Structure formats: C-alpha cells, structure tokens
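Participant: Encoded as structure tokens, here's the structure I'll be asking about.
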Amino acid sequence: MIKLYGHEMSGNSYKARLFLELLRIDYEWIKVDLMKGEHKSPEYLEINPFGQVPLLVYGDLKLADSQAILVYLARQYGGDKWLPLEPLPLAQVVRWLSTTAGEVRQGPENARLYYLFGATSINIERAHQKAEYILSQLDRHFTTHTWLECDRPTIADIAVFPYIALARDGKISLDAYTNVLNWIERVKQLPGYIPMTGI
Ligand SMILES: N[C@@H](CCC(=O)N[C@@H](CS)C(=O)NCC(=O)O)C(=O)O
Numbered sequence: 000m001i002k003l004y005g006h007e008m009s010g011n012s013y014k015a016r017l018f019l020e021l022l023r024i025d026y027e028w029i030k031v032d033l034m035k036g037e038h039k040s041p042e043y044l045e046i047n048p049f050g051q052v053p054l055l056v057y058g059d060l061k062l063a064d065s066q067a068i069l070v071y072l073a074r075q076y077g078g079d080k081w082l083p084l085e086p087l088p089l090a091q092v093v094r095w096l097s098t099t100a101g102e103v104r105q106g107p108e109n110a111r112l113y114y115l116f117g118a119t120s121i122n123i124e125r126a127h128q129k130a131e132y133i134l135s136q137l138d139r140h141f142t143t144h145t146w147l148e149c150d151r152p153t154i155a156d157i158a159v160f161p162y163i164a165l166a167r168d169g170k171i172s173l174d175a176y177t178n179v180l181n182w183i184e185r186v187k188q189l190p191g192y193i194p195m196t197g198i
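Under numbering that gives the first Met the number 0, residue 198 is the last one in the sequence shown; the count climbs by one each step, no gaps.
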C-alpha cells in the first residue's frame, strides 16, 4: 500500500492527500510531526534527505515534492484525465505546477508561514504583494476558464488550490476575487474531496 508521510497543517501534504482521495486510492497516512522536528531526524532524512513533507513511499519508490507526487499519481492511476498526454495541454498544465512552486509559494504560502508558523525571516510585505499579483492573475484567468486548463479539473487545479484556498491564514482576503472564490467552490464539489483546517 502507498504510504504518505505528511503533516495535517501542511498544504503541500494536503495536496497529495487530496489527490489520493480524488483518485480513490487506498493509502496509509503517516504523520511526521514538524513541530517536534521529526522531519530532520536521522531516520526521516534517510528516506527524504530534503527533510520535508510530503513524501510518498511505495515499495522501493520514495518520491518527495507535492508536484512530483501529483504527476506520478496522475500518470500511474489517472490515465490522461488529470494530466494530458498531448504536448500543448501537457505544457499548459505543467506551467501551473511551476506557478505553484513560484508565485503561489512566494505569495500566499509564505504569508501563511509568517503568520501561522512564525517564519519571521519572510518579508511579509513582499509576500502580500506577490499574493495580490497571483490572485489578480488567477481571477482574470477564471473570467474565461472554468478550470485552469483543458476545460476540466487537472492536477494544475489540485496543485494551485491549497495555498490559494488557505490565503486567509496569511491575512489575505479573497473577497475581491470572486472568480477565484467560485473556482474554490467548484474544487470543493469534486467527488472524493476532503477538507483541511483553514479551508
Ligand atoms: N517543494 C516541496 C516543498 C515542501 C515543503 O516546503 N514542505 C514543508 C511543509 S508544507 C516542510 O516540510 N517544511 C519543513 C522544512 O522545509 O524544513 C513540495 O512541493 O512538496
């Protein structure tokens, strides 16, 4: 059985867990207590030298990084439904995976780290500026798109969703972004959807 190492307050862990649930795949959830520093223990560093969650383990496979986990699960278990095969739609989906690791991380994810986990080395003004920027971009995108790409939910939506939906944890209001709010509601209606604290 697949094992997913994660923490319940980690949006990146939630991302992998949400997708396993949407795919209706059985898995074992293994809590790595970030607050106790378990992710930096020698035992954990042995299986993930980056010392981060999430980590997917399946037999000999050890796969870190939430975006990589989405790609693996989508291709292994989802056919081309969640991750298209054709060059252009595939590239369009990958573009949002990059945006997740870029603008979404630098904006709402960092603002949440600052307020919720006391990561005071983060420049909060810059995080809020970045958040405003990506939220405006997304809101404009959703004036003409129901889903991020391909007119259907793909791993682009699953990757971007958690830290956008958790933006309020970083003291970022979503009220001005009606199209984003409507998209969040659409994601919540997907069969198999599970919530996390803050969403
Ligand atoms: N690129 C990684 C980032 C993972 C990440 O930042 N995980 C956080 C929790 S959400 C973590 O483990 N932080 C502890 C650390 O980096 O020391 C992913 O998308 O999974």
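C-beta atoms are modelled at their ideal positions from N, C-alpha and C, and glycine is treated no differently. The model shown is predicted, which means the values in this text are computed figures rather than measured ones.
Closest to G5 by CA distance: which of I24, V70, L21 and V52 is it?
Facilitator: Nearest C-alpha to G5: V52.
Participant: Which residue comes first and which comes last in the beta strand (DSSP E) that contains K129?
Facilitator: Taken as a continuous stretch (DSSP letters only), K129 belongs to no beta strand (DSSP E), being part of the alpha helix (DSSP H) at I123 to H140.
Participant: Less than 6 Å between C-beta atoms, sequence neighbours within five positions excluded: which residues of the same chain meet that for A166?
Facilitator: For A166, where only same-chain residues beyond five positions count, the Cβ hits under 6 Å are P107 and L173.
Participant: Please state whether DSSP places G5 in a helix, a strand or coil.
Facilitator: If DSSP states are grouped into helix, strand and coil, G5 belongs with the strands.
Participant: With a threshold of 8 Å between beta-carbons, can S135 be considered close to chain C, or not?
Facilitator: No chain C appears in the structure shown, which is made up of a single protein chain.
Participant: For P194, which residues of its own chain have a beta-carbon under 8 Å away from its beta-carbon, when the five flanking residues on both sides are left out?
Facilitator: Closer than 8 Å at the Cβ level, and outside the excluded window around P194, lie K187.
Participant: With H, G and I counted as helix, E and B as strand and the rest as coil, what does DSSP make of K39?
Facilitator: K39 falls in the helix class under three-state DSSP.
Participant: Quick check on A164: buried or exposed, where buried means 16 or more other Cβ atoms within 10 Å of its Cβ?
Facilitator: That one is buried.
Participant: Per DSSP, what are the beta-bridge partners of I29 in this structure?
Facilitator: Answer is Y4, bridged to I29.
Participant: I'd like to know if the stretch 0-15 and the stretch 55-69 are in contact, where contact means that at least 3 CB-CB pairs between them fall below 8 Å.
Facilitator: At 8 Å Cβ cutoff, the stretches touch.
Participant: Jot down the residue ranges of each uninterrupted alpha helix (DSSP H) in the stretch 33-110, minimum 4 residues, whole runs only, in chain order.
Facilitator: Runs found: 41-46, 65-76 and 86-98.
Participant: Would you check if the stretch 35-48 and the stretch 129-141 touch, i.e. whether three or more CB-CB distances between them fall below 8 Å?
Facilitator: No, the stretch 129-141 does not touch the stretch 35-48.
Participant: Quick check: the Cα distance between K61 and I154, rounded to an integer number of angstroms?
Facilitator: Cα to Cα, K61 sits roughly 20 Å from I154.
Participant: Whole angstroms is fine: what's the gap from L84's alpha carbon to A73's?
Facilitator: Going from the Cα of L84 to the Cα of A73 covers about 11 Å.
Participant: Please tell me whether, using a cut-off of 7 Å, the distance from the CB of G191 to the nearest non-hydrogen atom of ligand 1 is below it.
Facilitator: G191 Cβ: outside cutoff for every heavy atom of ligand 1.
Participant: Evaluate I198 with the Cβ neighbour count: other Cβ atoms within 10 Å of its Cβ, from every protein chain shown; 16 or more gives buried, anything less gives exposed.
Facilitator: Buried.
Participant: In three-state DSSP terms, what is A158?
Facilitator: Residue state, collapsed to three classes: helix.
Participant: Can you give the Cα-Cα distance for R139 and I1, rounded to whole angstroms?
Facilitator: Near 38 Å, if we compare the C-alpha coordinates of I1 and R139.
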